[in-house]
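Numbered by numbering that gives the first Met the number 0, the letters in the sequence shown go through residues 0 to 303 in order. All C-beta atoms, glycine included, are put in the ideal place defined by N, C-alpha and C. In what follows, a structure is listed as structure tokens, so that the remarks can point back to it.
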Amino acid sequence: MPSPKEDSLDIKKILKNDESNTSLIIIQHQSTQSGYSLLRYIARSARNPIIICFEQSPEFYKKAIPSAEIIDCRFSNEIPSLERDLEHSFFIDSLERYNNNRAILSASKRYNIISLVKLSSKGLVQQLSSVQNTPRVTTINLHSVYNYEKVINEYGLKPNAPQFLGVLHELQQYQTIPAHLTNNDKFVIETLVRSAQKGTKLVRRSLDLITVGINDVEITNLEGVTQSLNIQAKADEKEEETKPQPTNLGLSFNLGLTSDQKAAREAVPLPYLQAQQEQAPIISYDPDSADDWDDEDPDDDLDL
Numbered sequence: 000m001p002s003p004k005e006d007s008l009d010i011k012k013i014l015k016n017d018e019s020n021t022s023l024i025i026i027q028h029q030s031t032q033s034g035y036s037l038l039r040y041i042a043r044s045a046r047n048p049i050i051i052c053f054e055q056s057p058e059f060y061k062k063a064i065p066s067a068e069i070i071d072c073r074f075s076n077e078i079p080s081l082e083r084d085l086e087h088s089f090f091i092d093s094l095e096r097y098n099n100n101r102a103i104l105s106a107s108k109r110y111n112i113i114s115l116v117k118l119s120s121k122g123l124v125q126q127l128s129s130v131q132n133t134p135r136v137t138t139i140n141l142h143s144v145y146n147y148e149k150v151i152n153e154y155g156l157k158p159n160a161p162q163f164l165g166v167l168h169e170l171q172q173y174q175t176i177p178a179h180l181t182n183n184d185k186f187v188i189e190t191l192v193r194s195a196q197k198g199t200k201l202v203r204r205s206l207d208l209i210t211v212g213i214n215d216v217e218i219t220n221l222e223g224v225t226q227s228l229n230i231q232a233k234a235d236e237k238e239e240e241t242k243p244q245p246t247n248l249g250l251s252f253n254l255g256l257t258s259d260q261k262a263a264r265e266a267v268p269l270p271y272l273q274a275q276q277e278q279a280p281i282i283s284y285d286p287d288s289a290d291d292w293d294d295e296d297p298d299d300d301l302d303l
């Protein structure tokens, strides 16, 4: 029976494009949490990298990987071949635009293929990662730190809870992330590796915090971690809330308040709060001479 250490994923090896990895790696991302910097980092450590760029400019990759062969397909409808005489690793920054799953599956038997795909293109991911098409595959799903913390702080779930990933996926699909809280160099990655290796599970999963630097990455495994991971973002959010509102809007009067005016406003008792503190009114009724009140028969006047 394999030990927990053997079952755990070595994310560093996956991101370093280690030879023990699966030859096909699919990175799912979206506009609010893009994976271009992660793809570029993986390409830095690859042997003879060939980068096919549909979305980013060649300069984006060339500055970090001067030795890489870069094929610019941003303004072309031609699909480059994935066949080479020597050993190479191919990096494709848009699986949708490459649009040739058969070529990718065929080439992955000989070369390493690492590709980005939009989260909305689930059909492509299912085709490429199905057991019938490829028995060994790694999928990496990029989540924002904002959504990760939301599941912990607002839903009260820990990363090892059975419902955690389900809620995280729902937020990834439907949650709108504030612009000032997006960070394309810091994110939570959900890694799933399906590989039949001796002494390991068939499917292994890991949840890690990744900060992509120029030359390296910082990795923190998130199993059982519940504390805040994005302190700076929370500080920025608080600063945004407490930021003074503009007072000069081209009006003939001032919309701002001085400190004395704010103190005077806060000292005014609010009517609804005052009403809650008062005792409920008491209704007093004195029967007049026309009343025929009988304590023994209160309904006598109803003529029943």
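Through-space distance from residue j to residue i, alpha-carbon basis
i: I69; j: A160; result: 43 Å
i: I25; j: S258; result: 56 Å
i: S80; j: K149; result: 43 Å
i: I103; j: A45; result: 18 Å
i: Q226; j: Q174; result: Below a pLDDT of 50, predicted positions are generally treated as unreliable, and Q226, at 49, falls in that range; the measurement from the model is reported next regardless. Q226 and Q174: Cα-Cα distance of roughly 21 Å.
i: G155; j: T31; result: 24 Å
i: I139; j: Q27; result: 6 Å
i: L221; j: L115; result: 23 Å
i: L301; j: Y284; result: 20 Å
i: I41; j: Q125; result: 23 Å
i: K362; j: E189; result: Because the chain here runs from 0 to 303, residue 362 falls outside it and cannot be looked at.
i: I78; j: F89; result: 13 Å
i: D92; j: R204; result: 24 Å
i: L118; j: T210; result: 20 Å
i: N76; j: N98; result: 11 Å
i: P268; j: L180; result: 38 Å
i: K108; j: E153; result: 44 Å
i: D298; j: I281; result: 24 Å
i: K61; j: G255; result: 51 Å
i: S66; j: K121; result: 33 Å
i: A234; j: H168; result: Here the model assigns A234 a pLDDT of 47, short of 50, so the residue's position is not dependable and the matter cannot be decided.
i: Q260; j: P270; result: 19 Å
i: G165; j: E265; result: 44 Å
i: N253; j: F74; result: 53 Å
i: I176; j: A262; result: 35 Å
N-terminal and C-terminal residue of the alpha helix (DSSP H) that residue i is part of
i: L156; result: Note, L156: premise wrong, no alpha helix (DSSP H); not H, not E.
i: V150; result: V144 to N152
i: E169; result: F163 to Y173
i: Q260; result: S258 to A266
i: K12; result: I10 to L14
Same chain, Cβ closer than 7 Å to residue i, five either side skipped, listed in chain order
i: D71; result: C52 and P57
i: S33; result: N183
i: S128; result: I25, V136 and T138
i: R43; result: A63 and I64
i: I230; result: Legend: pLDDT at I230 = 41, less than 50; position of this residue unreliable, value from coordinates given subsequently. No residues qualify anywhere along the chain.
Contact set for residue i: own chain, Cβ-Cβ below 6 Å, skip 5 residues either direction
i: T137; result: T21, I24 and V192
i: H87; result: N47, I49 and Y110
i: E307; result: Past the boundaries of the shown model lies residue 307; the chain is included only from 0 to 303, so the question cannot be answered.
i: Y147; result: V187
i: A232; result: Because A232 carries a pLDDT of 43, less than 50, the predicted location of this residue cannot be relied on, and the following value inherits that uncertainty. Taken in chain order, the residues that qualify are L180.
i: D306; result: An answer regarding residue 306 cannot be provided, because it is not within the stretch 0 to 303 covered by the chain.
i: E295; result: none
i: G212; result: none
Residue of the options minimising C-alpha distance to residue i
i: I151; options: F163, L256, H142 and N47; result: F163
i: K15; options: H28, Q32, S30 and L37; result: L37
i: N183; options: L208, I112, I10 and S93; result: L208
i: A178; options: Y145, T210 and K200; result: Y145
i: D84; options: A106, V130 and D9; result: A106
i: I112; options: K185, E82 and N76; result: E82
i: H142; options: Q260, I64, L201 and K185; result: K185
i: Q309; options: L170, N214, L256 and G165; result: There is no way to answer for residue 309, as the model of the chain reaches only from 0 to 303.
i: R96; options: N132, K61, Q55 and A67; result: Q55
i: T133; options: N253, K121, S194 and N214; result: S194
i: L344; options: V130, G212 and N253; result: Residue 344 lies beyond the stretch modelled for the chain, which goes from 0 to 303, so this question has no answer here.
i: D9; options: T219, N100 and K261; result: T219
Any non-hydrogen atom of the ligand MN within 6 Å of residue i CB
i: G255; result: Looking for the ligand MN in the displayed structure turns up nothing, as the structure carries no ligands at all.
Same chain, Cβ closer than 8 Å to residue i, five either side skipped, listed in chain order
i: F309; result: Given a span of 0 to 303 for the chain in the structure shown, any question on residue 309 remains unanswerable.
i: L123; result: L94, E95, N100 and V116
i: Q172; result: L118
Opening and closing residue of the beta strand (DSSP E) in which residue i lies
i: R204; result: V202 to V211
i: I188; result: K185 to R193
i: L23; result: L23 to H28
i: I282; result: Note, I282: premise wrong, no beta strand (DSSP E); not H, not E.
i: I218; result: V216 to N220
Exercise for the section: Go through the segment 40-124 residue by residue and report every complete run of the alpha helix (DSSP H) that reaches 4 residues or more, in order. Expected result: Along the length of the segment 40-124, whole alpha helix (DSSP H) runs at least 4 residues long occupy 57-61, 94-97 and 100-106, reported in chain order.
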